[in-house]
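There are 2 protein chains.
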Amino acid sequence: MTAKANGTGRSGRRPGQSGARQAILDAARTRFSEAGFDKTSIRGVAAAAGVDPALVHHYFGTKQQLFAAVVDLPVDPEATLKLIDAAPLDELGPTLLRAVATVWDSPAGPGLIAAVRTLLGGNDPELARTFLLEVVLERVRLRIATPADDGRKRIALVASQMIGALVARKIVGVEPLASMPIPELVAAVGPTVQRYLTGVVEPG
Amino acid sequence: MTAKANGTGRSGRRPGQSGARQAILDAARTRFSEAGFDKTSIRGVAAAAGVDPALVHHYFGTKQQLFAAVVDLPVDPEATLKLIDAAPLDELGPTLLRAVATVWDSPAGPGLIAAVRTLLGGNDPELARTFLLEVVLERVRLRIATPADDGRKRIALVASQMIGALVARKIVGVEPLASMPIPELVAAVGPTVQRYLTGVVEPG
Numbered sequence: 002m003t004a005k006a007n008g009t010g011r012s013g014r015r016p017g018q019s020g021a022r023q024a025i026l027d028a029a030r031t032r033f034s035e036a037g038f039d040k041t042s043i044r045g046v047a048a049a050a051g052v053d054p055a056l057v058h059h060y061f062g063t064k065q066q067l068f069a070a071v072v073d074l075p076v077d078p079e080a081t082l083k084l085i086d087a088a089p090l091d092e093l094g095p096t097l098l099r100a101v102a103t104v105w106d107s108p109a110g111p112g113l114i115a116a117v118r119t120l121l122g123g124n125d126p127e128l129a130r131t132f133l134l135e136v137v138l139e140r141v142r143l144r145i146a147t148p149a150d151d152g153r154k155r156i157a158l159v160a161s162q163m164i165g166a167l168v169a170r171k172i173v174g175v176e177p178l179a180s181m182p183i184p185e186l187v188a189a190v191g192p193t194v195q196r197y198l199t200g201v202v203e204p205g
Numbered sequence: 002m003t004a005k006a007n008g009t010g011r012s013g014r015r016p017g018q019s020g021a022r023q024a025i026l027d028a029a030r031t032r033f034s035e036a037g038f039d040k041t042s043i044r045g046v047a048a049a050a051g052v053d054p055a056l057v058h059h060y061f062g063t064k065q066q067l068f069a070a071v072v073d074l075p076v077d078p079e080a081t082l083k084l085i086d087a088a089p090l091d092e093l094g095p096t097l098l099r100a101v102a103t104v105w106d107s108p109a110g111p112g113l114i115a116a117v118r119t120l121l122g123g124n125d126p127e128l129a130r131t132f133l134l135e136v137v138l139e140r141v142r143l144r145i146a147t148p149a150d151d152g153r154k155r156i157a158l159v160a161s162q163m164i165g166a167l168v169a170r171k172i173v174g175v176e177p178l179a180s181m182p183i184p185e186l187v188a189a190v191g192p193t194v195q196r197y198l199t200g201v202v203e204p205g
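First to last, the protein sequences are chains C and F. Using the working numbering, read the first sequence as starting at 2 and increasing by one per residue. Using the working numbering, read the second sequence as starting at 2 and increasing by one per residue.
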């Protein structure tokens with residue numbers, strides 16, 4: 002896809018610019034919410050917003066970055082996902098938990114937690130589901146999927162423990178979990194995430 | 002404490018009655034939120050509301066039932082807690098999860114889940130913490146506490162998995178967890194709750 006001069010491109014900063022940006026965000030929110038992350042395309046969002054696809058890229062970058070803007074995410078998940086790609090399979094659970102907990106506890110944490118609270122309390126569970134399963138956990142699923150097990154149940158179980166640890170630690174503030182150092186959290190909860198990813202999750 | 006005729010008792014249904022009921026609820030919400038469940042007394046709530054303690058009992062019953070009314074809980078937790086009291090220690094995790102998931106999936110579930118969403122999304126995390134730790138999980142903690150381990154860390158870990166399973170299953174709707182039969186959920190997640198309650202939660 003090539004950028005083309007269409008009257009709203011980078012050369013002209015016109016009064017209508019923020020209107021176009023908002024129209025893209027609104028269209029993207031609707032598409033992500035209705036179709037999910039995978040089935041939403043930049044081209045489709047652009048068409049719904051009545052702008053050129055190049056303008057969507059210009060304002061927001063990749064589809065993942067557009068999604069992050071829609072849910073008002075203060076961090077780019079890419080750095081965390083790279084750590085996960087690099088972890089050995091038998092350390093994936095603790096690695097995932099450590100990486101995510103480090104983001105929660107970072108300066109970006111409060112903004113991220115506010116976004117999660119909005120997703121949980123809001124009327125758009127589809128967006129929360131998309132965020133969790135298609136943006137954050139899909140890359141993890143691809144690491145554990147086999148011909149016999151697509152990993153979807155495992156990933157849903159991982160999601161249940163990760164959501165719960167986030168809510169208990171950062172939203173409800175359940176002590177001593179809320180003030181536990183990350184290594185202690187990882188030692189206690191990491192084995193759960195690892196079992197869900199690669200261990201036994203069916204009755205024997 | 003004995004009920005006494007104080008002008009707002011059962012014989013007279015006067016216009017002021019719903020006002021007194023609401024004043025009690027408002028006072029109770031403030032006290033539970035500021036002091037927690039244990040340190041709130043019916044007498045203190047009555048004093049703050051400017052009514053006789055007997056009237057609080059008359060409208061709401063026990064302190065636990067008053068708390069349930071404050072958080073708009075559609076079920077009395079007592080039935081679930083009795084199941085937990087009766088479970089053998091080595092089956093406490095699956096039993097707790099089965100009992101709670103059964104309530105989530107019952108006709109009372111949607112009201113309960115609405116209350117949890119309000120607690121999570123609202124500005125009153127202290128009330129959510131009180132509900133979780135002092136009403137639901139304190140009875141579980143008393144079953145596992147030993148002189149060497151008061152069980153608070155274990156209970157916080159249990160809370161993290163229970164909250165996460167509830168949110169993933171009933172709020173976000175993460176499949177296949179959302180539509181999984183309860184026995185399958187218990188087989189997959191029960192061992193986690195059991196490990197948190199009675200297994201190893203420290204690095205060896």
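Cβ coordinates follow ideal geometry from the N, Cα and C atoms, glycine included.
- Message: Looking only at its chain, what residues have a beta carbon closer than 8 Å to the beta carbon of K40 (chain C), apart from the 5 residues adjacent to it on each side?
- Response: none
- Message: Tell me the DSSP secondary structure of T63 (chain F) in three-state form.
- Response: In this structure, T63 (chain F) counts as coil in the three-state DSSP scheme.
- Message: Counting only Cβ-Cβ distances shorter than 9 Å, please list the residues of the region 160 to 183 of chain F near chain C, keeping chain order.
- Response: Along the region 160 to 183 of chain F, the positions whose C-beta sits under 9 Å from a C-beta of chain C are A160, S161, Q162, M163, I164, G165, A166, L167, V168, A169, R170, I172, V173, G174, V175, E176, P177, L178, A179 and M181, read in chain order.
- Roughly how many whole angstroms lie between the Cα atoms of P29 (chain C) and G165 (chain C)? It is worth fixing the name first, because residue 29 (chain C) is Ala in this sequence and not Pro. Going from the Cα of A29 (chain C) to the Cα of G165 (chain C) covers about 28 Å.
- Message: Taking the alpha-carbon of F68 (chain C) as reference, which of C:T147, C:A189 and C:L26 has the nearest alpha-carbon?
- Response: Nearest of C:T147, C:A189 and C:L26 to F68 (chain C), Cα basis: C:L26.
- Measure the alpha-carbon distance for E92 (chain C) versus E185 (chain F) and round it to whole angstroms. 26 Å
- Applying a beta-carbon distance threshold of less than 9 Å, which residues of chain F neighbour R44 (chain C)? Within chain F, no residue comes near R44 (chain C); the closest Cβ sits about 28 Å away, beyond 9 Å.
- For the region 81 to 157 of chain C, list the alpha helix (DSSP H) runs that are entirely contained and at least 4 residues long, ordered along the chain. 93 to 105, 110 to 122, 126 to 131 and 139 to 145
- Message: In whole angstroms, give me the CA-to-CA distance for A70 (chain C) and Y60 (chain C).
- Response: 10 Å
- Message: Quick check on the DSSP output: the alpha helix (DSSP H) that includes F38 (chain C) runs from which residue to which?
- Response: Note, F38 (chain C): premise wrong, no alpha helix (DSSP H); not H, not E.
- Message: How far does the alpha helix (DSSP H) with G191 (chain C) in it extend, from its first residue to its last?
- Response: I183 to T199
- Item | Distance CB(V159 (chain C))-CB(L138 (chain C)) smaller than 9 Å | yes
- Query: By how many angstroms is the C-alpha of S34 (chain C) removed from the C-alpha of V46 (chain C)?
  - Reply: Going from the Cα of V46 (chain C) to the Cα of S34 (chain C) covers about 12 Å.
- Query: So, is the C-beta of R142 (chain C) closer than 9 Å to a C-beta in chain F?
  - Reply: Under the Cβ distance rule, R142 (chain C) does not count among the residues neighbouring chain F, no pair being separated by less than 9 Å.
- Query: Does V202 (chain F) have its Cβ less than 9 Å from a Cβ in chain C?
  - Reply: yes
- How would you list, in chain order, the residues of chain C whose beta-carbon sits under 9 Å from the beta-carbon of R99 (chain F)? Going along chain C, no residue has its Cβ under 9 Å from R99 (chain F), so there is no contact; the nearest lies around 13 Å.
- Skipping 5 residues on each side, what residues in its chain have a beta carbon closer than 8 Å to that of K154 (chain C)? V202
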